[in-house]
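S.K.: Dropping the structure in here first, questions after.
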DNA sequence: TCGCTTTTAATGTATAGACATAAAATGCAG
DNA sequence: CTGCATTTTATGTCTATACATTAAAAGCGA
């Protein structure tokens, strides 16, 4: 019924920017003008604009003024569901089947291992994610033995390695690469499809601070799995 | 060299939350305690916590206190670069080659058009995105003629349809679906590959308010294009 | 114990003023 | 005209204070 003033200012400009009335690059009134227009103190205008700046809708530069941001990249929020949850949510039984586990030294000739070379020994775990006992994803994972000493002895009957890691060693930074690949001979055999079948490939590297934790490559059967990203154009941060 | 105090407070707690030191649901010190701990005013603590709240890392409740938010889903920010920019950034020449453009009625039997059925007439545009004259993506696009009257006469020599639309009719909401597909016969012919070649398929629907604007299906050559997503500890919202 | 009112502790909003900072604009010396 | 120093201006940070808003907690009567 009575939204706070800084919120009204914020949403006024949010609306005008999102609607296109205020175009990217356009200069907005300075705080002094707005504190007159809205009859409030500068801190109130500042709070509204700070929130818009945090949301990436505007760009503020000292001395120059405040401008509507030009969105160079569209950042969208990708919801990455827990595989087990996702499968169970569709009423199917989830299972992780481990194929291989070994402790070994990194092989620097493989590109993704070169990055983990500084980690000392690695634990390699291969496995399958299954829905109703049918495999839908192949997972190849490398874990730094130094960063996660317990990993080599962990039991994945309950939780797959990804979930186990998340609960034991939360990351602080992650990078994902999404691409389309044809199933390799080995992957195809495990996934019960023809080699070359189009699959969605997700590669993820995670760090905790500056320490490398894990590299994982997941190959999903193309027809069985989609990634859905929803855009809150309003920018990240706000729930609503 | 000298980060502002509210920023230091913010990043302190951001780090401790993201690292798992502060667990979801855990209560944080009240503002009074922190203004003593950091030897500053309450407004400074408040500013730091407001930013964390906007970023969704904490949850603040009057009288009850401030708590570490429990993340419902693992979401990550996916940066979708402008195709033309991306290509030019790699030192290649970008070009869009239009294959087909027509104004027609929707065909409700096709699933994606059914959603656009209420839009009246549609403009269909097929085209290729090329890097150094080599096609790397096929694009099939439908645009509501009512929502974007100028689209039928737009010139795509300068900017591809996506960029043109973005500049003329910014969306307020969008949904993306990412999957792996095998190139169809037609797509394969345009992309100069064998049918069935694994490709990354991005389907996007955009709205402006409640009005449907466009549906687009882009098929990328698997080896030529990746989507990269980064979950920075920096959290959502800030550009950097 | 139940249900109501009152208290109270926490965040939320807003103010006015002070000083810091950075970059655009200006002026000046050469 | 060029290069450099100075000024100006708009945002950035921070304080101290005041009052509003909520919802948990406490009190209390039936």
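Protein chains in written order, with the working numbering: chain A, -10 to 229; chain B, -10 to 229. Backbone N, C-alpha and C define an ideal beta-carbon position, used for all residues, glycine too.
(1) Candidates A:123, A:121, A:148, A:157: which alpha carbon is nearest residue 138 (chain A)'s?
(2) Closer than 8 Å, CB to CB, is residue 87 (chain B) near chain A or not?
(3) Any chance you could list the alpha helix (DSSP H) runs of at least 4 consecutive residues sitting entirely within the segment 173 to 222 of chain A, in chain order?
(4) Under the DSSP definition of a beta bridge, which residues are partnered with residue 56 (chain B)?
(5) Closest to residue -4 (chain A) by CA distance: which of A:39, A:9, A:20, A:11 is it?
(6) Sorry if obvious, but does the Cβ on residue 36 (chain A) come closer than 7 Å to a heavy atom of the ligand COA?
(7) Give the list of continuous alpha helix (DSSP H) stretches no shorter than 4 residues that lie fully inside the segment 96 to 152 of chain A.
(8) Taking 8 Å as the cut-off, decide whether the C-beta atoms of residue 195 (chain B) and residue 143 (chain B) are in contact.
(9) Using 10 angstroms around the beta-carbon of residue 175 (chain B), count the other beta-carbons present and answer buried if the total reaches 16, otherwise exposed.
(10) Taking C-beta pairs closer than 7 Å, name the residues in chain A that residue 40 (chain B) reaches, listed in chain order.
(11) Within the 8 Å Cβ cut-off, does residue 187 (chain A) reach chain B?
(12) Determine contact between the segment 114 to 121 of chain B and the segment 80 to 89 of chain B, defined as no fewer than three beta-carbon pairs at a distance below 8 Å.
(13) Are there three or more Cβ pairs, one per stretch, closer than 8 Å when the segment 90 to 97 of chain B is compared with the segment 48 to 55 of chain B?
(14) Please go through the same chain and pick out, in chain order, the residues whose beta-carbon is closer than 6 Å to the beta-carbon of residue 126 (chain A), but skip the five residues on each side of it.
(15) Can you tell me whether residue 25 (chain B) is buried or exposed, with buried defined as 16 or more other CB within 10 angstroms of its CB?
(16) Quick one: what does DSSP say residue 81 (chain B) is sitting in, helix, strand or coil?
(17) Report yes if the CB atom of residue 186 (chain A) is closer than 8 Å to the CB atom of residue 177 (chain A), and no otherwise.
(18) Does residue 88 (chain B) pass the burial test, meaning 16 or more other C-beta atoms within 10 Å, or should it be called exposed?
(19) Excluding the five sequence neighbours on either side, which residues of its own chain have a C-beta within less than 8 Å of the C-beta of residue 77 (chain A), listed in chain order?
(20) Are the CB atoms of residue 171 (chain A) and residue 189 (chain A) nearer to each other than 8 Å?
M.R.: Walking through what the data contain:
(1) When C-alpha distances from residue 138 (chain A) are compared across A:123, A:121, A:148, A:157, the shortest belongs to A:157.
(2) It does not; no Cβ of chain A falls within 8 Å.
(3) Counting whole runs of 4 or more residues, the segment 173 to 222 of chain A contains the alpha helix (DSSP H) stretches 174 to 180.
(4) For residue 56 (chain B), DSSP records a beta bridge to B:16, B:48.
(5) The shortest Cα separation from residue -4 (chain A) among A:39, A:9, A:20, A:11 belongs to A:39.
(6) No copy of the ligand COA appears in this structure; indeed no ligand is present at all.
(7) Entirely contained in the segment 96 to 152 of chain A, the alpha helix (DSSP H) runs reaching 4 residues are, in chain order, 100 to 103.
(8) Contact: no.
(9) Under this definition residue 175 (chain B) is an exposed residue.
(10) Residue 40 (chain B) reaches chain A at 43, counting residues in chain order whose Cβ is nearer than 7 Å.
(11) At least one CB atom of chain B sits nearer than 8 Å to the CB of residue 187 (chain A).
(12) Flag = yes, the segment 114 to 121 of chain B and the segment 80 to 89 of chain B touch.
(13) The segment 48 to 55 of chain B and the segment 90 to 97 of chain B do not touch, with fewer than three beta-carbon pairs separated by less than 8 Å.
(14) Same-chain partners within the cutoff: 118, 207, 209.
(15) Exposed, by the Cβ-count rule.
(16) In the structure shown, residue 81 (chain B) sits in coil (DSSP, three-state: anything other than H, G, I, E or B).
(17) Taking the C-beta atoms as reference points, residue 177 (chain A) is found nearer than 8 Å to residue 186 (chain A).
(18) When all chains shown are included, residue 88 (chain B) counts as exposed.
(19) For residue 77 (chain A), where only same-chain residues beyond five positions count, the Cβ hits under 8 Å are 83.
(20) Contact: no.
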